[in-house]
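Taking it in order: structure first as structure tokens, then the write-up.
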Amino acid sequence: MADLPSDPLIAAWVALFRASAGLISAVQGEVKAAGCPPLEWYDVLWDLERAPEAGRRPFELKGRLLLTQYNLSRLVDRLVKAGYVEKRPCPIDGRGQMLQITEEGKALRRRIWPVYQAAIQRHVGSHLTEPEAKLLSEMLARLIDGFRAHPGSCGLIQARPEDTAGPA
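See below:
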């Protein structure tokens, strides 16, 4: 860490950015090498699996994931075409749609999870103790709460760490 700036705040930003980029690349690489679809698929499927019975509207999903509207729309279309997600009319707003995970989508998510979980353990868990992981999660949740408190500053992030990833 000798190449980090001396200002603690800037050093934290640089370390966070480098760690995030490196972890996403490493985990995504392992998931891909195992023949699984991209992590974005998992994230959408996991969120829809935990959604209320009626499903989620696309704008609700967008607020919970780190995807632009355009990328989310394209991803949802691919998931629908593959049979992992269904679009249904919104019962409240006839013009809107609800997204629901299918049984095939649940099965795919369960197939991806062990690979994803092992990669998380290898790249994060092997470097942090459980108390350190808890502390890191709490600190990152505070940053996310800051984005939520000032929606104009970051319209992408609404979900907290406990809302992401997931069990088999």
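Following our numbering, the numbering of the sequence shown begins with 273 at its first residue and continues without gaps. Backbone N, C-alpha and C define an ideal beta-carbon position, used for all residues, glycine too.
Check whether the Cβ atoms of glutamine 300 and proline 309 lie closer than 8 Å to each other.
Not in contact: glutamine 300 and proline 309 (Cβ atoms no closer than 8 Å).
Per DSSP, arginine 414 forms a beta bridge with which residues?
For arginine 414, which the question treats as bridged, DSSP gives no partner whatsoever.
Please list the terminal residues of the continuous alpha helix (DSSP H) segment that includes arginine 360.
From DSSP, arginine 360 is part of no alpha helix (DSSP H) but of the beta strand (DSSP E) over 357-361.
Got a sec, what are the start and stop residues for the beta strand (DSSP E) leucine 371 sits in?
Unbroken beta strand (DSSP E) run through leucine 371: 369-373.
Considering only residues of the same chain and omitting the five flanking positions on each side of leucine 380, which have a CB-CB separation below 8 Å?
Answer for leucine 380: Pro309, Trp313, Leu317, Tyr356, listed in chain order.
Using the Cβ count rule (16 or more neighbours within 10 Å means buried), how would you classify leucine 315?
Per the sequence presented here, residue 315 reads as aspartate, with leucine not at that position. Buried, by the Cβ-count rule.
Can the beta-carbon of leucine 337 be found closer than 8 Å to that of aspartate 349?
No, these two residues do not count as a Cβ contact at 8 Å.
Which runs of the alpha helix (DSSP H) at least 4 residues long sit entirely within the stretch 372-402? Give them in chain order.
Correct list: 375-392.
I need the DSSP call for arginine 336, collapsed to helix, strand or coil.
The answer is helix: DSSP assigns arginine 336 an H, G or I state.
Is aspartate 298 near histidine 395, with beta carbons less than 8 Å apart?
The amino acid occupying residue 298 in the given sequence is alanine; aspartate does not appear at that position. For alanine 298 and histidine 395, yes; Cβs fall inside 8 Å.
Give the single residue among Gln341, Ala305, Pro324, Ser278 whose Cα lies nearest to the Cα of phenylalanine 228.
Examination of residue 228 is not possible in this model, given that the chain is present from 273 through 440 alone.
Have a look at leucine 412 and tryptophan 385 and give me their C-alpha separation to the nearest angstrom.
So the alpha carbons of these two residues sit roughly 23 Å apart.
Measure from the alpha carbon of glutamine 369 to the alpha carbon of each residue in Glu358, Leu339, Glu375, Gly377, then state which is nearest.
Checked all of Glu358, Leu339, Glu375, Gly377; the closest Cα to glutamine 369 is Glu358.
Starting from arginine 328, follow its DSSP beta bridges and name the residues at the other end.
Arginine 328 pairs with Leu371.
For leucine 347, collect the residues of the same chain with a Cβ closer than 8 Å to its Cβ; drop the 5 residues on either side in sequence, then sort them by chain order.
So the qualifying residues of the chain are Glu312, Trp313, Val316, Leu339.
Assuming glycine 327 and leucine 371 make a contact with CB atoms under 8 Å, what is their CB distance in whole Å?
Confirmed, about 5 Å.
Report the CB separation of alanine 391 from valine 286 in whole angstroms; it is logged as a contact under 8 Å.
With a Cβ gap of about 23 Å, alanine 391 and valine 286 do not count as contacting.
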